[in-house]
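Colleague: Numbering (the working numbering), first residue to last: 732 to 993.
Ideal Cβ positions, reconstructed from N, Cα and C, are used throughout, including at glycine.
1) Jot down the residue ranges of each uninterrupted alpha helix (DSSP H) in the segment 814–865, minimum 4 residues, whole runs only, in chain order.
2) With DSSP as the reference, identify every bridge partner of residue 938, one or two as the case may be.
3) Can you give me the C-alpha to C-alpha distance between residue 900 and residue 886, rounded to a whole angstrom?
4) Measure the C-alpha to C-alpha separation of residue 988 and residue 904 and round it to an integer number of angstroms.
5) Mind reading off the beta-carbon distance from residue 943 to residue 983? Whole number of angstroms is fine, and I expect it under 8 angstroms.
6) What residue range does the alpha helix (DSSP H) around residue 764 cover?
7) For residue 854, which residues from the same chain have a beta carbon less than 6 angstroms from its beta carbon, with the 5 sequence-adjacent residues on both sides left out?
8) Taking the straight line between their C-alpha atoms, what separation do you get for residue 875 and residue 914?
9) Determine which residues share a DSSP beta bridge with residue 963 and list them.
10) Going by Cα to Cα distance, which pick from 926, 803, 923 is closest to residue 752?
11) So is residue 980 buried or exposed if we call it buried at 16+ other beta carbons inside 10 Å?
12) For residue 977, which residues in the same chain have their Cβ closer than 8 angstroms to its Cβ, ignoring the five residues on either side in sequence?
13) So which of 795, 835, 910 has the shortest CA-CA distance to residue 963?
14) Take residue 881 and list the residues in its own chain whose beta-carbon comes closer than 6 angstroms to its own, dropping the five residues that flank it on each side.
15) Threshold first: 4 residues or longer. Then list the alpha helix (DSSP H) segments lying entirely within the segment 868–904, N to C.
16) With a Cβ-Cβ cutoff of 8 angstroms, do residue 799 and residue 841 count as a contact?
17) Between the C-alpha atoms of residue 927 and residue 938, what's the straight-line distance to the nearest angstrom?
18) Note down the Cα distance separating residue 959 from residue 935, rounded to an integer number of angstroms.
19) I'd like to confirm the pairing. Which residues does DSSP put opposite residue 801 in its beta bridges?
20) Please report how far the alpha carbon of residue 912 lies from the alpha carbon of residue 789, in whole angstroms.
21) Is the Cβ-Cβ distance between residue 782 and residue 747 less than 8 angstroms?
22) Have a look at the DSSP bridge pairing and note the partners of residue 952.
23) Using only CA atoms, which one of 909, 902, 877, 872 lies nearest to residue 893?
24) Leaving out five residues on either side along the sequence, give the residues of the same chain with a beta carbon under 7 angstroms from the beta carbon of residue 688.
25) For residue 846, collect the residues of the same chain with a Cβ closer than 6 angstroms to its Cβ; drop the 5 residues on either side in sequence, then sort them by chain order.
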């Protein structure tokens, strides 16, 4: 397609409308009709109809007193639609790699599938094969920190379906296999906002996990840090890994459109 063809097919109104939205920012949270026309280098009549349309669609608001325009939260939907079109592992990968570099421990991203967690992202530490996982690996949710933290945010109905339909198999003498005790533990995890396990799936392995939420507040996945008890000091999980895991999960949740309620 030639340059002339491309220009012929351009929707000028759409182009101008997007240009208007991009004029707003931290330094210019509000703009008047005159200011917008000046920025676009056009007469006032050109942006007037576009501003009316953007306002009627909910992307702009106008102050009745000052007549100045400002963006509304609806413009975020455009960005969220783009983020939703990306795969969460692609978005999360650089963050879990940074988490690994900060902690010096292997970090992973997983989703809940029934009574198991499925690993969809990984940032391993070389030389410690005991705690590295392959993408697609499935592990029991009731014996892992990343599984428990996702179970904790399920509805009561969904949680009952998962737990009553699964066998709480013991993997070590520390594995929680009592249904009522596990439900009580999950309630505590939900209140705290994170889960910690030590030797429940494999003796000598400890982990902390934090949830990642979508814009509706539904848990999407979990990020977790895994360490061996022999390599890392006793307070590593609570003092080092936990705050960094929470920070990472909060960033990823915000990227997925989640807003923490006060």
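Modeller: With the given structure in hand:
1) Taking only runs of at least 4 residues, the alpha helix (DSSP H) segments lying wholly in the segment 814–865 are 819–834.
2) Within the chain shown, residue 938 is the residue found at index 207, counting from 1. Looking at the DSSP assignment, residue 938 forms a beta bridge with 928, 957.
3) Locating residue 900 in the chain shown gives position 169, counting from the first residue. Locating residue 886 in the chain shown gives position 155, counting from the first residue. Here the alpha carbons of residue 886 and residue 900 stand approximately 23 angstroms from one another.
4) As a working mapping, residue 988 is identified with position 257 in the chain shown. As a working mapping, residue 904 is identified with position 173 in the chain shown. Their Cα atoms are separated by approximately 40 angstroms.
5) For the purposes of this step, residue 943 is taken as the residue at position 212 of the chain shown. For the purposes of this step, residue 983 is taken as the residue at position 252 of the chain shown. For residue 943 against residue 983, the beta-carbon gap comes to about 5 angstroms, under 8 angstroms, which counts as contact.
6) Here residue 764 is taken as the residue at index 33 of the chain shown, counted from 1. Unbroken alpha helix (DSSP H) run through residue 764: 764–771.
7) Here residue 854 refers to the residue found at position 123 when the chain shown is read from its first residue. By the criterion of a C-beta distance shorter than 6 angstroms, residue 854 is surrounded in its chain by 827, 828, 831, 838, once the five residues flanking it on both sides are discounted.
8) Within the chain shown, numbered from 1, the residue matching residue 875 stands at position 144. Within the chain shown, numbered from 1, the residue matching residue 914 stands at position 183. Between residue 875 and residue 914, the C-alpha separation is close to 14 angstroms.
9) The residue you call residue 963 lines up with position 232 of the chain shown. Note: residue 963 sits in no beta bridge, so no partner.
10) Numbered from 1 along the chain shown, position 21 holds the residue referred to as residue 752. For residue 752, the closest alpha carbon among the candidates 926, 803, 923 is that of 803.
11) Counted from its first residue, the chain shown places residue 980 at position 249. So residue 980 ends up on the buried side.
12) To locate residue 977, count along the chain shown from 1; it is residue 246. The residues 924, 925, 941, in chain order, have a CB closer than 8 angstroms to that of residue 977 in the same chain once the five nearest residues on each side in sequence are set aside.
13) Here residue 963 refers to the residue found at position 232 when the chain shown is read from its first residue. Of all alpha-carbon atoms in 795, 835, 910, the one lying nearest the alpha-carbon of residue 963 is that of 835.
14) Sequence index remark: in the chain shown, residue 881 carries index 150 (1-based). Within the same chain, Cβ atoms closer than 6 angstroms to the Cβ of residue 881 are found at 843, 950, 953, the five residues on either side in sequence being excluded.
15) Listed in chain order, the complete alpha helix (DSSP H) runs (minimum 4 residues) inside the segment 868–904 are 876–882, 887–895.
16) Locating residue 799 in the chain shown gives position 68, where the first residue counts as 1. Locating residue 841 in the chain shown gives position 110, where the first residue counts as 1. Cβ atoms of residue 799 and residue 841: not closer than 8 angstroms.
17) Mapped onto the chain shown, residue 927 falls at position 196. Mapped onto the chain shown, residue 938 falls at position 207. Their Cα atoms are separated by approximately 6 angstroms.
18) To locate residue 959, count along the chain shown from 1; it is residue 228. To locate residue 935, count along the chain shown from 1; it is residue 204. Cα atoms of residue 959 and residue 935: separation of roughly 6 angstroms, rounded to the nearest angstrom.
19) Reading the chain shown from its first residue, position 70 is the one you call residue 801. Per DSSP, 761, 792.
20) On the chain shown, position 181 is the one that residue 912 refers to. On the chain shown, position 58 is the one that residue 789 refers to. Annotation: residue 912 to residue 789 spans about 48 angstroms, alpha carbon to alpha carbon.
21) Counting from 1 along the chain shown, the entry for residue 782 is found at position 51. Counting from 1 along the chain shown, the entry for residue 747 is found at position 16. No. Outside cutoff.
22) Locating residue 952 in the chain shown gives position 221, counting from the first residue. Paired residues: 943.
23) The sequence position of residue 893 within the chain shown is 162, counting from 1. For the options 909, 902, 877, 872, the alpha carbon positioned closest to that of residue 893 is the one of 872.
24) Outside the modelled stretch of the chain, which goes from 732 to 993, sits residue 688, for which no answer is possible.
25) For the purposes of this step, residue 846 is taken as residue 115 along the chain shown, with counting starting at 1. Apart from the 5 residues on each side of it in sequence, residue 846 sits with its Cβ closer than 6 angstroms to the Cβ of 872, 893, 897 in its chain, given in chain order.
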